[in-house]
Amino acid sequence: MASLWLKLLSLCLICLNCIAKPNPNQETEFECVSMYKQSALQHPRMKNHQIQTRPSRELLSMLSNDDTITKIVLKGSEECPEGQVPIHKPETNLTSDPIYSQHSGRLLKQARWVRKKSKNHLRSGNRNKPIGSATLKRPNHPRRLFSENHLHYAIVRTFENTTKTWRGAQALFSINKPRISQNQFSKAWIWLNYIQGNSMSSIQFGWAVHAKYRDNRPRLTTFWMSDKQPKGCYNALCPGGYVQVHKSIYPGLVYDQISVQRGQQHTVHLSVSEDPVTKNWVLTIGTIMIGYWPRQSYMAQGASEVYFGGFVGTLLSQTISPPMGTGDFPTNDLTRETLTFGGPGGQCSL
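What the sequence shown shows, in mature numbering (1 follows the signal peptide of the UniProt record, and there is no 0), is residues -20 to -1, 1 to 330, in sequence order.
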């Protein structure tokens, strides 16, 4: 009997040793930090900032609560302890990006466009009508790619020379995994820009496959820039920028489930909206708040222009650009589209 107990004890110790032993190949991509000590709050103008941890009722009433489009297809379910938030830890400095234009907020100023009306999920200055129509510009040849040096886009955007302001944008993204090479990126992206003379602020979000992540996996990604940060900053890496509040979903997190062409589609519904109460610009997946950009720093007057679409980049020395979205030329088959946004009366896809 004693020998049996010894054998059982030794087996338990072996099992405990196996469980406790870390996997040397497992990458720890985030660290849990105090919500109050994250980089965004380590800036003088954020000294007395009150952290917003949930959207206001007014904002919740404007967000989509359709369960069919709020399915979260993100890898990992680990949560940080109470009072802490996950911050992605890239191997390289995403902000030091040789392939990202310093003026990425203003795109295609010289491109030829024709007027065409469409519907999308834009919130205008009239807060009583959060979802409405917007007049968009589209190229002469639908879905044609325009190039600007080493950057390429396929986008729709709001008209220039208009006084209308926008209080948010949202879209249903199909998750794809375009293959990129070194020093390249491919994004399904939304831009919210405020431009007044030489002054510009921009909040950008979507999913990205980026060489700076050191892999070919699509990830929830954000980017912001302002006069005080003209080169811009990815995710939650810079003081005075994006504030993380969710305990397990964060910019930099991998989308684990990829859409299959003519097969099962995996989507995520992303939105950035100005909270009518706090005036912060809130990032949400469905009705789930992930984080926000504080009102002290961004677009107090609202966004003056909005872009939706695909965005790829490469070094000037490289002759072939990476694929965009599914990597295929567009068709009328909506199951193969990467970005869909719509409202009462119609929809657009890219």
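Glycine included, every Cβ here is placed at the ideal spot set by N, Cα and C.
Whole-angstrom C-beta distance between residue j and residue i, which should lie under 8 Å
i           : j           : result
residue 11  : residue 227 : 13 Å between Cβ atoms; not a contact.
residue 214 : residue 155 : With a Cβ gap of about 19 Å, residue 214 and residue 155 do not count as contacting.
residue 267 : residue 32  : That belief does not hold up - the Cβ atoms of residue 267 and residue 32 are roughly 15 Å apart, past 8 Å.
residue 41  : residue 216 : Between residue 216 and residue 41 the Cβ distance is about 27 Å, and since that is not below 8 Å, they are no contact.
Sequence-distant residues of its chain with Cβ nearer than 6 Å to residue i (five each side left out)
i           : result
residue 271 : 222, 223, 224, 225, 263
residue 107 : The predicted model places residue 107 with a pLDDT of 43, which falls under 50 and marks its position as unreliable, so this point remains unresolved.
residue 122 : For residue 122, the predicted structure reports a pLDDT of 36, less than 50, and the residue's modelled location is therefore unreliable. The matter cannot be settled from this model.
residue 83  : Any reading at residue 83 needs caution, since the residue's pLDDT is 42, under 50, leaving its predicted position unreliable; the model's value is listed next. Nothing listed; no residue qualifies.
residue 207 : 179
residue 164 : 191, 294, 302
residue 260 : 32, 272, 274, 275
Residue i vs residue j beta-carbon contact at 8 Å
i           : j           : result
residue 130 : residue 294 : yes
residue 339 : residue 278 : No answer is possible for residue 339: the residues shown for the chain start at -20 and end at 330.
residue 168 : residue 148 : no
residue 198 : residue 23  : no
residue 189 : residue 157 : yes
residue 274 : residue 159 : no
residue 241 : residue 143 : no
residue 269 : residue 35  : yes
residue 134 : residue 290 : yes
residue 243 : residue 9   : no
Start and end residues, alpha helix (DSSP H) containing residue i
i           : result
residue 147 : No alpha helix (DSSP H) holds residue 147; the beta strand (DSSP E) holding it covers 146 to 154.
residue 37  : 37 to 40
Range of the contiguous beta strand (DSSP E) that encloses residue i
i           : result
residue 137 : 131 to 138
residue 206 : 199 to 206
residue 190 : 179 to 190
residue 305 : Neither: residue 305 is in no beta strand (DSSP E) and is coded neither H nor E.
residue 290 : 285 to 294
residue 209 : 209 to 214
residue 269 : 268 to 273
residue 252 : 247 to 254
residue 176 : 164 to 176
residue 29  : No beta strand (DSSP E) holds residue 29; DSSP gives it neither H nor E.
residue 66  : 64 to 68
residue 263 : 261 to 265
residue 44  : No beta strand (DSSP E) contains residue 44, which DSSP labels as neither H nor E.
residue 13  : 10 to 14
Residues near residue i in its chain [Cβ-Cβ closer than 7 Å; skip 5 each side]
i           : result
residue 162 : 191
residue 196 : 157, 159, 160, 189
Cβ shell of residue i (< 8 Å), same chain only, five flanking positions each side left out
i           : result
residue 282 : 105, 145, 146, 147, 174, 254
residue 64  : 12, 13, 14, 15, 227
Practice task
Decide yes or no for the touch test of the stretch 244 to 262 against the stretch 17 to 29: beta carbon pairs closer than 8 Å, at least 3 of them.
Solution key: Output reads no: the stretch 17 to 29 does not touch the stretch 244 to 262.
Practice task
Assess, as a yes-or-no matter, whether the stretch 200 to 217 is touched by the stretch 177 to 186 under the definition of 3 or more beta carbon pairs within less than 8 Å.
Solution key: With a cut-off of 8 Å on Cβ pairs, the stretch 177 to 186 is in contact with the stretch 200 to 217, counting three or more such pairs.
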